[in-house]
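Here the numbering used here is used: position 239 in the sequence shown is 433, and no number is missing along the way.
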Amino acid sequence: MAIHPIDYRYGTPEMRAVWGEENRFRAIVMAEVALARAEAAHGMIPREDAETIAAGAPDARLERAKEIEAEIDHDMMAIVRALSEVCGDAGRWIHYGATSNDILDTATALQIRDSLALIEEKLAKLLSVLLFRSAETRTLVCAGRTHGQIGVPTTYGLRFAIWASEVARHIERLRQMRPRVVVGHLTGAVGTQAALGDAGIDIQETMMEFLGIRPVDVSNQLVSRDRYAEYFMFLANVATTLDKIGLEIRLMQRSEIGELAEAFGKKQVGSSTMPHKRNPIKSEQVCGLARIVRSAVEPALQNNVLWDERDLTNSSTERVLFPEASVLADHILRVMIDVVDGLEFNKENIRKNLMMLRGVNLAESVMIELTKRGMSRQEAHEVMRTASMQALAGGRDLARVLGERPEVTEFVTREDLERLLDPDAYIGTAVRQVDRLIEKLQPLCP
Numbered sequence: 195m196a197i198h199p200i201d202y203r204y205g206t207p208e209m210r211a212v213w214g215e216e217n218r219f220r221a222i223v224m225a226e227v228a229l230a231r232a233e234a235a236h237g238m239i240p241r242e243d244a245e246t247i248a249a250g251a252p253d254a255r256l257e258r259a260k261e262i263e264a265e266i267d268h269d270m271m272a273i274v275r276a277l278s279e280v281c282g283d284a285g286r287w288i289h290y291g292a293t294s295n296d297i298l299d300t301a302t303a304l305q306i307r308d309s310l311a312l313i314e315e316k317l318a319k320l321l322s323v324l325l326f327r328s329a330e331t332r333t334l335v336c337a338g339r340t341h342g343q344i345g346v347p348t349t350y351g352l353r354f355a356i357w358a359s360e361v362a363r364h365i366e367r368l369r370q371m372r373p374r375v376v377v378g379h380l381t382g383a384v385g386t387q388a389a390l391g392d393a394g395i396d397i398q399e400t401m402m403e404f405l406g407i408r409p410v411d412v413s414n415q416l417v418s419r420d421r422y423a424e425y426f427m428f429l430a431n432v433a434t435t436l437d438k439i440g441l442e443i444r445l446m447q448r449s450e451i452g453e454l455a456e457a458f459g460k461k462q463v464g465s466s467t468m469p470h471k472r473n474p475i476k477s478e479q480v481c482g483l484a485r486i487v488r489s490a491v492e493p494a495l496q497n498n499v500l501w502d503e504r505d506l507t508n509s510s511t512e513r514v515l516f517p518e519a520s521v522l523a524d525h526i527l528r529v530m531i532d533v534v535d536g537l538e539f540n541k542e543n544i545r546k547n548l549m550m551l552r553g554v555n556l557a558e559s560v561m562i563e564l565t566k567r568g569m570s571r572q573e574a575h576e577v578m579r580t581a582s583m584q585a586l587a588g589g590r591d592l593a594r595v596l597g598e599r600p601e602v603t604e605f606v607t608r609e610d611l612e613r614l615l616d617p618d619a620y621i622g623t624a625v626r627q628v629d630r631l632i633e634k635l636q637p638l639c640p
């Protein structure tokens, strides 16, 4: 019976598979095989026995390991025994010189590696969609807003470019952190490698070479959890970017703004009681699940604070944190790719909102020009502030109010004011910024 929504509602099949029970079992078996091969390579166990272990590994079964665990109440030893049973006499060498977390943490590294590959792929897809939207709307002028209030104009192209730049930094962060978080170890009970003798360091390096990951420099019984905390903080950072994009889409889809809208299926239902509703439910789902992903950070940080060479308080939390945060982060990435790709623009509303304040939102433009022509900047600010308040209070065009003020017409003509209050003429370098960013980031796209 499915209980967690990851089992039946959220998550991609590929990420669920990475953190699924069967794949976890296989990763542990792979680590045991790599250990035997590494020990054989350094003459610690017979080479033919290592080959037998590798050949028998595919026959090891999760179901059998569970049966054994029910008897002995130790998950790692249950897998060791299940693997030993299918390897004949060679099974005597399985787990030789290792402690549980040598294998468990190394298996986790394999899962993190595969998880990051899926995340990176989706980040690149999201980047591609954002850059496409940025190019498509590079000259689409809209009302900029600060504090929820309309400010000077911006462009939708610049908004998408800002999000794209953020996603590109996540790709950079992922690549930078990969060698820090995808690491395995073979250091024994408290980190001294005493059971492996003088060859311990070499065996560890060889084992990780077989698995295609890096070994730690040092560790106690655990890989230090600052590495895992970095992974979870990365997922939280990605989720927060998606939350940020989703929130803006939701704000712009508000009925009284109506500039953007999520795609809406022909037979899609918006509300069980209000048939007219068209809700931004996908963006809301992203924003909601981002909270769960971020919630993994605090316990992940606490998992780095353990007694002496280790205790077991990290284990139970990580069984929850890794699959939940990884699956949900991957899920909301996929959802946001679809949302951005299907976004609909209401250009009529975009223009209406841009012009709503009848020029007042272009007060800065006139202030700058007055200063250029001889008025002090502070005086120009006060003139434009009082004129703007007058225009707003009377529901009048700012151009008309300014045209009645001699202190303004002394410096600018009515024709100048029409030009200065044209929103399309006051977007600065927005288009150039977009073009430069697209050129820079295009190589990161699939």
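Positions of the beta carbon are idealized from the N, C-alpha and C atoms, including for glycine. If you're wondering where the values come from, they're calculated on a predicted model, not measured in any experiment.
(message) Would you call the stretch 553-562 in contact with the stretch 456-468, where contact means no fewer than 3 C-beta pairs closer than 8 Å?
(response) By the C-beta criterion, the stretch 553-562 is judged not to be in contact with the stretch 456-468, since fewer than 3 inter-stretch pairs fall below 8 Å.
(request) Taking ALA655 as part of the alpha helix (DSSP H), name the residues at either end of that continuous run. (result) As shown, the chain starts at 195 and ends at 640. That puts residue 655 outside it, with no answer to give.
(message) Using 7 Å as the threshold, is the C-beta distance between SER494 and ALA388 below it?
(response) On the sequence shown, position 300 is the one that residue 494 refers to. On the sequence shown, position 194 is the one that residue 388 refers to. Before going on, a small fix: residue 494 reads as Ala here, not Ser. ALA388 is positioned such that its CB atom lies no closer than 7 Å to that of ALA494.
(request) Determine the burial state of HIS198: buried for a count of at least 16 other Cβ atoms within 10 Å of its Cβ, exposed for fewer. (result) Residue mapping note: residue 198 aligns to position 4 of the sequence shown, counting from 1. Residue environment: HIS198 is assigned as exposed (fewer than 16 neighbouring CB atoms within 10 Å of its CB, all protein chains considered).
(message) Which of the three DSSP states is assigned to ILE439 in this structure?
(response) On the sequence shown, position 245 is the one that residue 439 refers to. If DSSP states are grouped into helix, strand and coil, ILE439 belongs with the helices.
(message) The beta strand (DSSP E) that contains VAL376, what's its start and end?
(response) Mapped onto the sequence shown, residue 376 falls at position 182. No beta strand (DSSP E) contains VAL376, which DSSP labels as neither H nor E.
(request) Counting only the same chain and skipping the five closest in sequence on each side, list residues whose C-beta sits under 6 Å from that of ARG608. (result) One-based indexing of the sequence shown puts residue 608 at position 414. Answer for ARG608: GLY597, listed in chain order.
(request) Alpha carbon to alpha carbon, how far is ARG472 from SER520? Give it in angstroms, no decimals. (result) Counting from one through the sequence shown, the residue named residue 520 turns up at place 326. Counting from one through the sequence shown, the residue named residue 472 turns up at place 278. The alpha-carbon atoms of SER520 and ARG472 are separated by roughly 30 Å.
(request) Using alpha carbons as the reference points, say which of LEU298, ILE621, LYS316 and GLU208 lies closest to LEU506. (result) By one-based count along the sequence shown, residue 506 stands at place 312. Checking every option, the nearest Cα to that of LEU506 belongs to LEU298.
(request) Scan the stretch 326-395 and note each continuous beta strand (DSSP E) run of 3 residues or more that stays entirely inside, going in chain order. (result) Listed in chain order, they are 335-340 and 343-349.
(message) Going by DSSP, what residue range makes up the alpha helix (DSSP H) through LEU483?
(response) For the purposes of this step, residue 483 is identified with residue 289 of the sequence shown, where counting begins at 1. In the DSSP annotation of this structure, the continuous segment of the alpha helix (DSSP H) that includes LEU483 starts and ends at 475-488.
(message) Tell me whether the stretch 334-351 and the stretch 262-282 touch, counting them as touching only if at least three CB pairs, one residue from each stretch, are closer than 8 Å.
(response) No, they do not touch.
(message) If you reduce the DSSP assignment to three classes, tell me which class ALA211 lands in.
(response) As a first step, residue 211 must be located in the sequence shown, where it is residue number 17. Reduced to three states, the DSSP call for ALA211 is helix.
(request) Compute the minimum distance between the beta carbon of ARG203 and the heavy atoms of the ligand GTP, and state whether it is under 6 Å. (result) The ligand GTP is absent from the structure shown, which contains no ligands of any kind.
(message) Taking the straight line between their C-alpha atoms, what separation do you get for VAL346 and MET224?
(response) In the sequence shown, the residue the question calls residue 346 occupies position 152. In the sequence shown, the residue the question calls residue 224 occupies position 30. Distance between VAL346 and MET224, taken at the CA atoms: about 59 Å.
(request) Find out if the Cβ-Cβ distance for the pair VAL377, VAL410 is shorter than 7 Å. (result) Walking along the sequence shown from the start, residue 377 turns up at place 183. Walking along the sequence shown from the start, residue 410 turns up at place 216. Yes. Within cutoff.
(message) Less than 7 Å between C-beta atoms, sequence neighbours within five positions excluded: which residues of the same chain meet that for LEU324?
(response) For this step, residue 324 is matched to residue 130 along the sequence shown. Short of 7 Å from the beta carbon of LEU324, and not among the five residues preceding or following it, lie these beta carbons of its own chain, in chain order: PHE354, TRP357, ALA358, VAL361 and VAL534.
(request) Report the rounded CA-to-CA distance for GLY440 versus GLN479, giving the unit in angstroms. (result) For the purposes of this step, residue 440 is identified with residue 246 of the sequence shown, where counting begins at 1. For the purposes of this step, residue 479 is identified with residue 285 of the sequence shown, where counting begins at 1. Using only the alpha carbons, I get a separation of about 9 Å.
(message) Going by C-alpha to C-alpha distance, which of ALA457, LYS319 and THR400 sits closest to PRO637?
(response) Counting from one through the sequence shown, the residue named residue 637 turns up at place 443. Nearest C-alpha to PRO637: LYS319.
(message) Excluding the 5 residues flanking GLN627 on each side, which residues of the same chain have their C-beta closer than 7 Å to its C-beta?
(response) By one-based count along the sequence shown, residue 627 stands at place 433. Spatial neighbours of GLN627 in its own chain (CB-CB distance under 7 Å, excluding positions within 5 residues in sequence) are listed in chain order as LEU352 and ALA355.
(message) On the CB-based measure, 16 or more other CB atoms within 10 Å of its CB, does SER449 come out buried or exposed?
(response) Sequence index remark: in the sequence shown, residue 449 carries index 255 (1-based). It counts as exposed.
(message) For ILE451 and LEU500, I'd like the C-alpha separation in whole angstroms.
(response) Here the question's residue 451 lines up with position 257 in the sequence shown. Here the question's residue 500 lines up with position 306 in the sequence shown. Taken atom to atom, the span from the alpha-carbon of ILE451 to that of LEU500 is near 51 Å.
(request) Please determine if the stretch 535-550 and the stretch 566-576 are in contact, where contact requires at least 3 C-beta pairs separated by less than 8 Å. (result) Contact check between the stretch 535-550 and the stretch 566-576: fewer than three CB pairs, one atom from each, fall below 8 Å, which does not count as touching.
(request) List the endpoints of the continuous alpha helix (DSSP H) containing LYS461. (result) Taking the sequence shown and counting its residues from 1, the one referred to as residue 461 is at position 267. Bounds of any alpha helix (DSSP H) do not take in LYS461, whose DSSP letter is neither H nor E.
(message) Rounding to the nearest angstrom, what Cα-Cα distance links THR300 and ASN217 in this structure?
(response) Position 106 of the sequence shown, counted from the start, is the residue given in the question as residue 300. Position 23 of the sequence shown, counted from the start, is the residue given in the question as residue 217. Near 13 Å, if we compare the C-alpha coordinates of ASN217 and THR300.
(request) For HIS268, count neighbouring Cβ atoms within 10 angstroms of its own Cβ and tell me buried if that reaches 16, exposed if not. (result) The residue labelled residue 268 in the question sits at position 74 within the sequence shown. That one is exposed.
(message) Give me the DSSP bridge partner(s) of GLU538.
(response) The sequence position of residue 538 within the sequence shown is 344, counting from 1. Its beta-bridge partners are ALA455.
(message) For ALA248 and MET530, what's the separation of their Cα atoms in angstroms?
(response) Stepping through the sequence shown from its first residue, residue 248 is reached at position 54. Stepping through the sequence shown from its first residue, residue 530 is reached at position 336. Taking the straight line joining both Cα atoms gives about 42 Å.
(request) Return the CA-CA distance between THR580 and GLU612, expressed in angstroms with no decimal places. (result) For the purposes of this step, residue 580 is taken as residue 386 along the sequence shown, with counting starting at 1. For the purposes of this step, residue 612 is taken as residue 418 along the sequence shown, with counting starting at 1. When rounded, the distance between both Cα atoms is 19 Å.
(request) Could you have a look at PRO409 and say whether DSSP puts it in helix, strand or coil? (result) Position 215 of the sequence shown, counting from 1, holds the residue named residue 409. Taken through DSSP and simplified to helix, strand or coil, PRO409 comes out as strand.
(request) Please state if the CB of ARG567 and the CB of ASP591 are separated by a distance shorter than 7 Å. (result) Locating residue 591 in the sequence shown gives position 397, where the first residue counts as 1. Locating residue 567 in the sequence shown gives position 373, where the first residue counts as 1. Going by C-beta atoms, ASP591 is not nearer than 7 Å to ARG567.
(request) Output the distance between the C-alpha atoms of PRO617 and PRO600, rounded to the nearest integer angstrom. (result) Numbered from its first residue, the sequence shown carries residue 617 at position 423. Numbered from its first residue, the sequence shown carries residue 600 at position 406. Their backbone Cα atoms lie some 24 Å apart in a straight line.
(message) Does the structure place the stretch 254-270 close enough to the stretch 306-316 that three or more beta carbon pairs sit under 8 Å?
(response) Too few Cβ pairs lie closer than 8 Å, so no.
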